[in-house]
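According to mature numbering (1 follows the signal peptide of the UniProt record, and there is no 0), the stretch in the sequence shown is residues -21 to -1, 1 to 284, in order.
Just so you know, even glycine gets a beta-carbon here, dropped at the ideal spot from N, CA and C.
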Amino acid sequence: MNLPKITILAALLSFAAFAQAQDGTIYPLEAPAEPNAILLGTGGVEDQPSPETWFRQWGDPMARNISTATLTPFLPEPGTANGAAVIVAPGGGFRWLSMGNEGWEVAEALAKQGIAAFVLKYRLHPTPESLDDFSAWMNRPRPAPSENSQGNSSNNLLQVDLSNQLEDAEAAFALILERAEEWGVDTKRIGMIGFSAGAGLTMHATLHSKTMDLAFIGPIYGGMGPVEVPKEAPPMFNVIATDDFLFRGQFGIIDSWYKAGIPVEFHLYQNGGHGFGLGNPNRTSNRWFDAFIHWLDVNKFLTAE
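Written out as structure tokens, the structure is:
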């Protein structure tokens, strides 16, 4: 094979890889190694006949049928930690978790800012064992959301029981408290951010947990309906795009925090859609992470008292 043919073949392979990365088709994926994942010991999932499996969509690794919750630390390089910590909750409608762009990538970015980050792989509700059946279920016709579908108290994408997920979040928080000295964490500066359904879990923990004392929260493209704000609710950093199907012109959760007198910062971006993680090309929403770090800094979450 001569050089021009090798060049053409390489270009075709690169294009094929790029096309798959941009393709919404669901592909099977071998479960990646998670050597630093720590079992949370919160039990299994009732009526879950299927094992945990992984797939790839839009180029991102995702897990489903999770029956065993884990917490994976992403710690700053020695000498760079500032003591702040963040629990990161990926999204996926409580049926799968977008572990790449809403979990590991976010945690790595936080660690580079000196923040100890912890990716929470929480338990999920069952999905079909067969990948083909799961794909068909994912692609099924869905009714348009009603005007009040995001007005529920926990701002979840789905009206589902979140007792398992809340227990996992509480166990993650307790583990960070237990190992705070080892991980260089200031126990008064532990926050939580979540994406999509993970934003719903972040809100659910904020509104209903009796054991989590979060210093700050960051629901990223979550439900926007109004909520009843607890008296000691933490400051909120909230992000969504106008072309996100969850927005629909609602500002209920922002209004709830504002009327409760709790600090709130809200970024409504022109575009970004849903599920953009740290960002997609040519979207105004791509700067949200920089704004979040600035918000943490201005509010002194990145420095010890």
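Quick one: using the 10 Å Cβ neighbour count with 16 as the cut-off for buried, is residue i buried or exposed?
i           : result
residue 6   : exposed
residue 224 : exposed
residue 279 : exposed
residue 100 : buried
residue 98  : buried
residue 168 : buried
residue 58  : exposed
residue 40  : buried
residue 184 : buried
residue 282 : exposed
residue 264 : buried
residue 55  : buried
residue 177 : buried
residue 63  : buried
Would residue i pass as a contact of residue j if the rule is Cβ separation under 7 Å?
i           : j           : result
residue 195 : residue 209 : no
residue 272 : residue 36  : no
residue 285 : residue 47  : Because the chain in this structure spans residues -21 to 284, residue 285 falls outside the shown range and cannot be described.
residue 235 : residue 206 : yes
residue 277 : residue 246 : no
residue 201 : residue 231 : no
residue 166 : residue 154 : no
residue 240 : residue 220 : no
residue 144 : residue 180 : yes
residue 193 : residue 170 : yes
residue 163 : residue 88  : no
residue 216 : residue 139 : no
Express the C-alpha separation of residue j and residue i in angstroms, rounding to a whole number.
i           : j           : result
residue 257 : residue 116 : 27 Å
residue 249 : residue 259 : 13 Å
residue 77  : residue 70  : 6 Å
residue 148 : residue 262 : 31 Å
residue 172 : residue 4   : 28 Å
residue 226 : residue 68  : 20 Å
residue 23  : residue 146 : 11 Å
residue 90  : residue 268 : 13 Å
residue 44  : residue 150 : 19 Å
residue 17  : residue 9   : 20 Å
residue 34  : residue 113 : 10 Å
residue 199 : residue 75  : 17 Å
residue 85  : residue 66  : 10 Å
residue 285 : residue 158 : The chain is shown from -21 up to 284; residue 285 falls before or after that span and cannot be answered.
residue 191 : residue 152 : 6 Å
residue 11  : residue 80  : 15 Å
residue 94  : residue 237 : 27 Å
residue 132 : residue 212 : Confidence at residue 132 is low in this model, with a pLDDT of 36, below 50, so the placement of that residue is unreliable and no value is reported for it.
residue 242 : residue 222 : 26 Å
residue 53  : residue 96  : 5 Å
residue 244 : residue 274 : 8 Å
residue 127 : residue 161 : Confidence at residue 127 is low in this model, with a pLDDT of 44, below 50, so the placement of that residue is unreliable and no value is reported for it.
How is residue i classed by DSSP in three states: helix, strand or coil?
i           : result
residue 144 : helix
residue 49  : strand
residue 172 : strand
residue 85  : helix
residue 96  : strand
residue 79  : helix
residue 102 : coil
residue 6   : strand
residue 110 : helix
residue 161 : helix
residue 243 : strand
residue 248 : strand
residue 227 : coil
residue 33  : strand
residue 191 : coil
residue 234 : helix
residue 215 : strand
residue 39  : strand
residue 179 : helix
residue 16  : coil
residue 24  : coil
residue 153 : helix
residue 67  : strand
residue 283 : coil
residue 220 : strand
Answer yes or no: does any C-beta atom of chain C fall closer than 7 Å to that of residue i?
i           : result
residue 263 : Of the chains in the structure shown, none is chain C; there is only one protein chain.
Touch test, the stretch 98 to 109 against the stretch 26 to 45, Cβ-Cβ under 8 Å, three pairs minimum: Yes, the stretch 98 to 109 touches the stretch 26 to 45.
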